[in-house]
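Scroll down for the structure; my scribbles are underneath it.
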Amino acid sequence: MPNNKDRVCIIGGGPAGLSCAMYLEKKGYTEYKIYEKLNKVGGKCFSPKIKVKHNGVEEEKSFETGAIMGAITYHAVSEMEEFGGYYHKGPDFKPGEPNMRREFRKLDGTIDHPFEPKVNFSFKKLTGLLKLKKQMKKLNKLMQTKYVGYDCYGHIGVAQGKYFGISKGVDGYCGATKESSFPNYLQGENPNLKDLALPFAEFCKLNGVEEVQRIWIAPFTSFGYGFFDEIPAALVMKYLDVTTALEFVNMKLWTWQDGTQQIYEHVNAKLKHPAILETEVVKVERPDGKVLVTTKGKDGKLHTEEFDKLIVTTPLDYFKDYADATEEEKTLFSKIIHERYCDYIATFEEGKSPNISGYLVENMVPERLGHAMVYYNRWQYLDRDCPATVYALANHTGSPDVDYDVVMKTMDEDMKKVGFPIKEKLYAQEVYYCPHVSSKDYQDGWYDKLEALQGNKNTYYAGEIISFGDMEDTCAASKDIIGRFF
Ligand SMILES: Cc1cc2nc3c(=O)[nH]c(=O)nc-3n(C[C@H](O)[C@H](O)[C@H](O)COP(=O)(O)OP(=O)(O)OC[C@H]3O[C@@H](n4cnc5c(N)ncnc54)[C@H](O)[C@@H]3O)c2cc1C
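Take 18 as the starting number for the sequence shown in the numbering used here and just add one per residue.
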């Protein structure tokens with residue numbers, strides 16, 4: 018039975034952990050602690066300030082190493098914004114705001130216009146675009162008819178042809194009212210939903226809409242979420258539901274002036290119990306209905322504390338390394354796959370930085386693993402003085418992984434080839450990204466097995482794995498879990 022006097026331990030101070038704390042507060046919980054191993058909150062939303070020089074004048078601007086953008090469908094993130102009092106810019110950007118304008122570039126450095134029929138006109142291009150438009154329309158209709166129920170958060174029941182979850186519709190507050198943050202759920206049966214377990218490429222073929230992958234690939238694969246021959250369609254369509262995909266196409270996106278990290282810094286500052294930083298959870302024991310959590314603090318000392326409930330927002334495939342994971346947990350979590358996404362922020366040779374973001378679509382195929390797929394120019398008014406972030410994927414099911422050092426070198430070479438020679442890397446990383454399961458495990462009901470484990474040993478699982486590896490799905494998963502179990 019939920020009891021808001023319970024002591025709750027939250028592992029991780031990223032979007033998932035902080036949103037869990039916010040929703041716990043909305044339910045009247047006061048006794049919770051968030052442990053965060055780093056010296057900052059926000060997890061993969063890390064937005065460092067970097068000194069830039071433009072026309073001889075030096076100033077500090079925020080850059081992104083992780084999450085950059087949102088869209089009108091970011092309802093749970095909106096709640097975080099309201100709670101913290103820090104809001105996005107866009108979808109219509111004013112000068113001086115980081116916008117999401119971009120170009121397409123071929124690997125020989127020439128600018129491409131794949132979606133503009135009049136530029137480099139040919140009948141082949143025109144018929145290709147007409148076909149694409151027709152298939153976009155068809156997919157939109159199919160999602161609203163054949164696949165009714167696809168557009169709720171999470172994957173509960175999908176493998177059995179059912180749906181259950183908070184609506185993703187553009188109705189604000191995830192279908193809730195201002196007074197009650199915890200809405201009624203969408204629920205129903207639709208055997209067609211089982212198709213969503215197929216890899217996205219097969220799903221498109223089944224429905225005669227292969228061309229739409231040309232639209233979906235840029236916001237999906239280039240942003241590290243994997244390749245369409247391996248990723249279950251459910252993940253693609255739940256993230257890039259038709260509304261969100263069209264917002265991408267029309268560049269009607271959200272950005273945050275001081276970076277996405279600030280959403281979470283602001284939420285953290287408003288919480289009754291802000292995250293305890295530089296404190297890593299190193300052991301979890303759950304004997305006889307108790308939850309014992311051992312942390313290692315700044316001073317290196319170990320400290321064990323008892324809680325009533327545990328919320329894990331950190332990678333579940335690593336849970337067994339520090340917790341008394343049950344055989345069921347071990348078996349289930351061993352099936353998790355994650356992407357290895359690499360990025361760096363770099364300066365460029367004088368006058369040679371990109372002055373707009375760009376997609377290198379030819380590199381968004383498994384054969385080009387480790388190659389630069391997208392570069393992000395955040396401050397367009399800085400023109401050719403602006404550092405940019407460059408991104409590549411290092412893994413694909415069925416291909417050998419690419420070593421981090423090789424990825425970094427390959428990205429440098431690519432940027433040089435397309436006309437933007439790197440001068441200095443200011444920040445570089447490889448991240449654990451977009452945890453998910455294979456199509457087969459999806460079909461075998463992996464997500465329903467995870468759902469069945471929720472609450473066992475007073476343990477609840479939240480974070481990216483529940484729905485999808487973006488800020489919105491992650492925060493909405495917290496809302497769902499706190500809404501139903503606390
Ligand atoms: C390059 C990149 C681009 C992205 N672009 C976008 C975008 O444009 N839009 C979007 O919506 N999303 C984007 N994302 C995804 C988004 O950042 C993530 O989905 C989101 O941060 C996930 O939140 P989380 O809390 O589940 O996990 P994380 O952000 O990974 O947070 C987990 C936290 O747990 C902490 N932790 C781990 N282990 C322990 C432990 N044992 N004890 C204590 N603390 C621990 C970690 O330090 C971390 O702070 C992007 C991510 C990256 C990397």
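Ideal Cβ positions, reconstructed from N, Cα and C, are used throughout, including at glycine.
Exercise for the section: Evaluate D497 with the Cβ neighbour count: other Cβ atoms within 10 Å of its Cβ, from every protein chain shown; 16 or more gives buried, anything less gives exposed. Expected result: Per the 10 Å Cβ criterion, buried.
Handout entry: Opening and closing residue of the beta strand (DSSP E) in which E323 lies
Key = Going by DSSP, E323 is part of the beta strand (DSSP E) stretching over L319 to F324.
Practice task
Rank L203, G126, K135 and P371 by C-alpha distance to the C-alpha of F167 and give the top, closest one.
Solution key: With the sequence shown as reference, residue 167 is identified as Tyr, and Phe is not the correct amino acid for it. Comparing Cα-Cα distances from Y167 to each of L203, G126, K135 and P371, the minimum goes to L203.
Exercise for the section: Please report the residue range of the beta strand (DSSP E) in which R4 lies. Expected result: Nothing in the structure corresponds to residue 4, since the chain is present only between 18 and 503.
Handout entry: Distance between H92 and G189 (C-alpha atoms, nearest Å)
Key = Any reading at G189 needs caution, since the residue's pLDDT is 47, under 50, leaving its predicted position unreliable; the model's value is listed next. If you take the alpha carbons of G189 and H92, they lie about 6 Å apart.
Handout entry: Span separating the alpha-carbon of V266 from that of D305
Key = Taken atom to atom, the span from the alpha-carbon of V266 to that of D305 is near 53 Å.
Exercise for the section: For the alpha helix (DSSP H) containing K141, list its first residue and its last residue. Expected result: That run of the alpha helix (DSSP H) goes F140 to Q161.
Exercise for the section: Note down, one range per segment and in chain order, each alpha helix (DSSP H) of at least 4 residues found wholly within the segment 430-461. Expected result: Segments of the alpha helix (DSSP H) lying fully in the segment 430-461: 456-460.
Handout entry: Spatial distance of G29 from S455 (CA atoms)
Key = Taking the straight line joining both Cα atoms gives about 25 Å.
Exercise for the section: State the beta-bridge partners of T406 as determined by DSSP. Expected result: I362 and Y393, per the DSSP bridge assignment.
Practice task
Could you tell me the boundaries of the beta strand (DSSP E) in which K287 lies?
Solution key: Per DSSP, K287 lies in no beta strand (DSSP E) segment; the continuous alpha helix (DSSP H) that holds it begins and ends at Q278 to K287.
Practice task
Please name the residue in A292, I482, A342 and F324 whose C-alpha comes closest to that of N56.
Solution key: Out of A292, I482, A342 and F324, the CA that lies nearest to the CA of N56 is found in A292.
Exercise for the section: Label G87 either buried or exposed according to how many other C-beta atoms from any shown protein chain fall within 10 Å of its C-beta, with 16 as the threshold for buried. Expected result: Around the beta-carbon of G87, 16 or more other beta-carbon atoms lie within 10 Å, marking it buried.
Exercise for the section: Spell out a yes or no on whether the segment 329-341 and the segment 394-403 are touching, meaning 3 or more CB-CB pairs, one atom from each, closer than 8 Å. Expected result: With contact defined as three or more Cβ pairs closer than 8 Å, the segment 329-341 and the segment 394-403 are not in contact.
Handout entry: Per-residue DSSP class, three states only, for H105
Key = Coil.
Handout entry: Three-state class that DSSP yields for S495 in the structure shown
Key = The three-state reading of DSSP puts S495 in helix, counting H, G and I together.
Exercise for the section: Leaving aside the five residues before and after V329 along the sequence, list all residues of the same chain whose C-beta is less than 6 Å from its C-beta, in chain order. Expected result: Beyond the five residues adjoining it in sequence on each side, V329 comes within less than 6 Å, by CB distance, of I28 and Y478 in the same chain, given in chain order.
Handout entry: One or two residues paired with A340 in a DSSP bridge
Key = Within the DSSP bridge table, the entry for A340 names V301 as partners.
Practice task
Please say whether Y376 and R119 have beta carbons closer to each other than 8 Å?
Solution key: Result yes, Cβ atoms of R119 and Y376 sit closer than 8 Å.
Handout entry: For K68, the residue or residues it bridges with in DSSP
Key = Secondary-structure assignment with DSSP links K68 through a beta bridge to E77.
Exercise for the section: Using only the heavy atoms of ligand 2, determine whether one of them is closer than 7 Å to the beta carbon of C26. Expected result: In terms of ligand content, the structure shown lacks ligand 2 and carries ligand 1 instead.
Practice task
Classify V204 as helix, strand or coil using the three-state DSSP reduction.
Solution key: In the sequence as displayed, the identity of residue 204 is Gln instead of Val. Strand, per DSSP.
Exercise for the section: Report yes or no: do the segment 347-364 and the segment 409-429 share at least 3 C-beta pairs separated by less than 8 Å? Expected result: Contact between the segment 347-364 and the segment 409-429 is present, because at least three Cβ pairs lie under 8 Å.
Problem - For P383, three-class secondary structure by DSSP - result: Here P383 sits in helix by DSSP.
Practice task
Assign N137 to one of two classes, buried (16 or more other C-beta atoms within 10 Å of its C-beta) or exposed (fewer than that).
Solution key: By the 10 Å Cβ count, N137 comes out exposed.
Exercise for the section: Go ahead and pull the three-state DSSP assignment for F181. Expected result: The answer is strand: DSSP assigns F181 an E or B state.
Exercise for the section: State the Cα-Cα distance for the pair D246 and I234, rounded to the nearest angstrom. Expected result: If I take the Cα positions, the gap works out to 12 Å.
Problem - Rounded distance between the beta-carbons of H283 and G102, thought under 8 Å - result: Between H283 and G102 the Cβ distance is about 6 Å, and since that is below 8 Å, they are a contact.
Exercise for the section: Confirm the yes/no value for this check: CB of N276, any heavy atom of ligand 1, distance under 7 Å. Expected result: Sequence inspection shows Gly at residue 276; the Asn mentioned does not correspond to that position. G276 has its CB no nearer than 7 Å to any heavy atom of ligand 1.
Practice task
Under 8 Å Cβ to Cβ from I354, same chain only, skipping five residues before and after it: list those, please.
Solution key: Setting aside the 5 residues that flank it on each side, I354 is surrounded in the same chain by T414, P452, H453, V454 and S455, each with a C-beta closer than 8 Å to its C-beta; the list follows chain order.
Exercise for the section: Would you kindly check if the distance between the Cβ of I67 and the Cβ of E78 is under 8 Å? Expected result: It should be pointed out that residue 78 corresponds to Lys in this sequence rather than to Glu. Judged by beta-carbon spacing, I67 lies within the 8 Å limit of K78, meaning their Cβ atoms are closer than that value.
Handout entry: Helix, strand or coil at G189 according to DSSP, with G and I counted as helix
Key = With a pLDDT of 47 at G189, under the threshold of 50, the modelled position of that residue is not reliable, and no figure is offered here.
Handout entry: Where T90 falls: helix, strand or coil (DSSP)
Key = T90: coil per DSSP, three-state reduction.
Practice task
For M97, collect the residues of the same chain with a Cβ closer than 7 Å to its Cβ; drop the 5 residues on either side in sequence, then sort them by chain order.
Solution key: The residues are S36, M39, I280, V284 and C492.
Handout entry: Rounded separation between C191 and T277 - CA only
Key = Its pLDDT being 49, under 50, C191 is placed unreliably in this model, and the coordinates cannot settle the point.
Problem - Cβ-Cβ distance between V74 and L399 below 8 Å - result: Cβ distance not < 8 Å, so V74 and L399 don't count as in contact.
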